[in-house]
Amino acid sequence: MGVSATAYLLSVAAFFLALSTTSAALNITKSLSDYPEYSSLSSLLKETKLTEAINHRQTITILALDNDAIQSISSRPRDELREILMNHIILDYFDREKIQKLGKRSAILTTLYQTTGLGTNQNGFVNLTRIAPGEVVFGSATKGAPLVAKLLGSVISQPFNLSVLHISTPIVAPSFGDPILAPPPPPGSKPPAPAPKKSKSSSSSSASAPSPDEEEEAQDDEDTESPSPADAPAPSPKSTKGKSPPKPKASDDDVEDSEAPAPSASSRLVCYWSWLGVAALIGLVAF
């Protein structure tokens, strides 16, 4: 085989290698163009010059925010926004099937921010936790950071190159700026947890204990019915210490001046009939 034939074969092999590499390369802008609800995310990836960094990777997972959710960070300074978005780009492939295989445990995921060499204190890592079947949450892996983002679904799944997962809330590590808290659950999404049952002892004690209103009424009754110091009876002699002073003896004048007890009605009636009988007897004798 001549030199020209060898060079020809090498050029053909290089062409097909380049073709296969090009076909395997990512194009995140094109991939997201079929999903208009992520148009704001696609635009911000272009503005922060992260599109090229994504397209040069062979394997990427993007934690995607829809147009409504991404508004909470879209107005931040470009450098800060770039750091936040880099923290949503995972340097590995994770789809829902792979997450389910994790079991009920956590995994620490490396993000594109780690390629800057600026990640400290777990900044640039994301905590993925499967808290229940079908319920997965994400958050910054920084110590004490809350798991604010809930996995809502899968947008794109191209094993093992590109996975786009829909999450509910931006993940903002403490060093990237003010965190975004998870929104409250919509009304009627989950019933509130039942109140703990009270034990018999606690229920009986609570039943016997008066309410604040009853205590107030009882206090009012005490204030109303309790005698004033002037109306209160004098203490009995037994309660006082020492001997009580002797009572003064009544004099004869006091005895004479004292009134005799008034006769009762029955005694007056007997006296009346007695006088009436005497008068009748005198009349008979005189007759």
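Those letters in the sequence shown? Residues -25 to -1, 1 to 262, by mature numbering (1 follows the signal peptide of the UniProt record, and there is no 0).
Ideal Cβ positions, reconstructed from N, Cα and C, are used throughout, including at glycine.
Rounded straight-line distance, which links the Cα of residue j to that of residue i
i	j	result
Ser81	Gly119	15 Å
Ala4	Ser47	Checking the displayed sequence, the identity of residue 4 turns out to be Thr instead of Ala. The straight-line gap from Cα to Cα measures roughly 22 Å.
Leu19	Ser143	17 Å
Glu72	Asn136	15 Å
Leu56	Thr23	8 Å
Leu122	Asp9	29 Å
Val147	Ile83	16 Å
Gly109	Pro154	25 Å
Met61	Tyr88	5 Å
Pro145	Glu58	12 Å
Lys21	Ala124	23 Å
Ser49	Asp67	25 Å
Pro134	Phe100	22 Å
Thr26	Ser17	8 Å
Counterpart residues of residue i in DSSP-defined beta bridges
i	result
Asn102	Ile83 and Gly114
Lys125	Val112
Leu140	Leu38 and Ser129
Ala107	Glu110
Ile48	For Ile48, which the question treats as bridged, DSSP gives no partner whatsoever.
Ile3	Paired residue(s): none; Ile3 is not in a bridge.
Ile65	Thr36 and Thr86
Closest Cα partner of residue i within the set the options
i	options	result
Pro150	Gln33, Gly94 and Leu140	In the sequence under discussion, the amino acid at residue 150 is Ser, which differs from the Pro named in the question. Closest by alpha carbon: Gly94.
Ala28	Ile74, Pro154, Gly128 and His63	His63
Gly78	Arg105, Gly99 and Glu58	Arg105
Phe69	Ser129, Leu156 and Pro52	Ser129
Ser6	Val147, Ser132 and Ile146	Ser132
Thr36	Asn30, Ile155 and Ser138	Ser138
residue 266	Pro52, Leu122, Asn2 and Lys125	There is no way to answer for residue 266, as the model of the chain reaches only from -25 to 262.
Val111	Ala(-1), Ser49, Asp153 and His141	His141
residue 287	Ala148, Ala107, Pro145 and Met61	Nothing in the structure corresponds to residue 287, since the chain is present only between -25 and 262.
Thr117	Leu127, Leu126, Ala(-1) and Asn98	Asn98
Ile74	Arg53, Gly152, Lys21 and Leu126	Leu126
Ala(-1)	Asn30, Pro52 and Thr26	Asn30
Leu156	Pro134, Thr26 and Ile45	Ile45
Residue i CB to nearest heavy atom of the ligand ZN below 7 Å
i	result
Leu56	This structure does not include the ligand ZN; it has no bound ligands of any sort.
Nearest-angstrom Cβ-Cβ length linking residue i and residue j, presumed shorter than 8 Å
i	j	result
Thr86	Ile65	6 Å
Gly114	Asn96	Not quite, the Cβ-Cβ distance comes to about 14 Å (not below 8 Å), so this is no contact.
Gly152	Arg53	At roughly 12 Å, the Cβ-Cβ gap does not stay under 8 Å, so Gly152 and Arg53 are not in contact.
Open item on the list: Does the structure place the region 34 to 45 close enough to the region 12 to 25 that three or more beta carbon pairs sit under 8 Å?
Closed with: yes
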